[in-house]
Amino acid sequence: MGSVDKGNKLEDAFYEYLLYQKKLGHLLFGVYPPENCKVFKKKSYYCKEREADVEFDVVIELYAQGRREPHLHVIFECKNHSGNVSETHVNDFSSKIGRMFPHAVKGILVVSSRLQSGADKVARNRKM
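Anchor point for the sequence shown: position 40 equals 31 in the numbering used here, and the numbering is continuous, going up by one each time.
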């Protein structure tokens, strides 16, 4: 199985997990009220800096009641690596979401392995 297929497998499983939580009426990811959330896989948003769309693995858009635009974006980056995930991946993800949603985002890493020590420290300190 190639790296893209491995990544897609983890993304699919995590996406289905969130949809199942929503169907049961449970808080999504244990935090977000399902009636205020929309869940997406491979969701793209326009980036002004890149002047192009940027795709994210799994996204929860959280809406305040009566609002048409999301109040918060919860972005999940899925890494299905056989080895430890490097600090570069964590930094790239953090930078990408910071450019796209500077004040209304929560980034969360979903990994099938461990983070390298530097990656773990960066992720913890940035509360990812």
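We treat Cβ as the ideally placed atom computed from N, Cα and C, and that holds for glycine.
Taking the CB atoms as reference points, tell me whether ALA114 and HIS64 lie closer together than 8 Å.
-> Residue mapping note: residue 114 aligns to position 123 of the sequence shown, counting from 1. Residue mapping note: residue 64 aligns to position 73 of the sequence shown, counting from 1. Not a contact, by the Cβ cut-off of 8 Å.
Let me know the secondary structure DSSP gives GLU26 once reduced to three states.
-> The count along the sequence shown starts at 1 and reaches residue 26 at position 35. Three-state DSSP puts GLU26 in a helix.
In terms of alpha-carbon separation, which member of LYS118, SER86 and ARG105 lies closest to LYS70?
-> Position 79 of the sequence shown, counting from 1, holds the residue named residue 70. Checking every option, the nearest Cα to that of LYS70 belongs to ARG105.
Simplified DSSP assignment, three categories, for LEU19 = Walking along the sequence shown from the start, residue 19 turns up at place 28. LEU19 falls in the strand class under three-state DSSP.
Whole angstroms is fine: what's the gap from SER86's alpha carbon to ASN27's?
-> Position 95 of the sequence shown, counted from the start, is the residue given in the question as residue 86. Position 36 of the sequence shown, counted from the start, is the residue given in the question as residue 27. Taking the Cα positions, SER86 is about 27 Å away from ASN27.
Less than 8 Å between the CB atoms is what I'm expecting for VAL30 and LEU10, so what's the real figure, rounded?
-> The sequence position of residue 30 within the sequence shown is 39, counting from 1. The sequence position of residue 10 within the sequence shown is 19, counting from 1. Correct: roughly 6 Å between the Cβ atoms.
Helix, strand or coil at HIS62 according to DSSP, with G and I counted as helix | For the purposes of this step, residue 62 is identified with residue 71 of the sequence shown, where counting begins at 1. The answer is coil: DSSP assigns HIS62 none of H, G, I, E or B.
Helix, strand or coil at SER35 according to DSSP, with G and I counted as helix = Translated into positions along the sequence shown, residue 35 becomes position 44. SER35 falls in the strand class under three-state DSSP.
Residue range of the beta strand (DSSP E) that LYS97 falls in?
-> Here residue 97 corresponds to residue number 106 of the sequence shown, with the count starting at 1. Segment 96 to 102, the beta strand (DSSP E) holding LYS97.
If we count the other Cβ atoms within 10 Å of its Cβ and call it buried at 16 or more, is LEU15 buried or exposed?
-> Position 24 of the sequence shown, counted from the start, is the residue given in the question as residue 15. Exposed, because fewer than 16 other Cβ atoms sit within 10 Å of the Cβ of LEU15.
Separation of LYS39 from SER73, as counted between CA atoms = Translated into the one-based positions of the sequence shown, residue 73 becomes position 82. Translated into the one-based positions of the sequence shown, residue 39 becomes position 48. Their backbone Cα atoms lie some 34 Å apart in a straight line.
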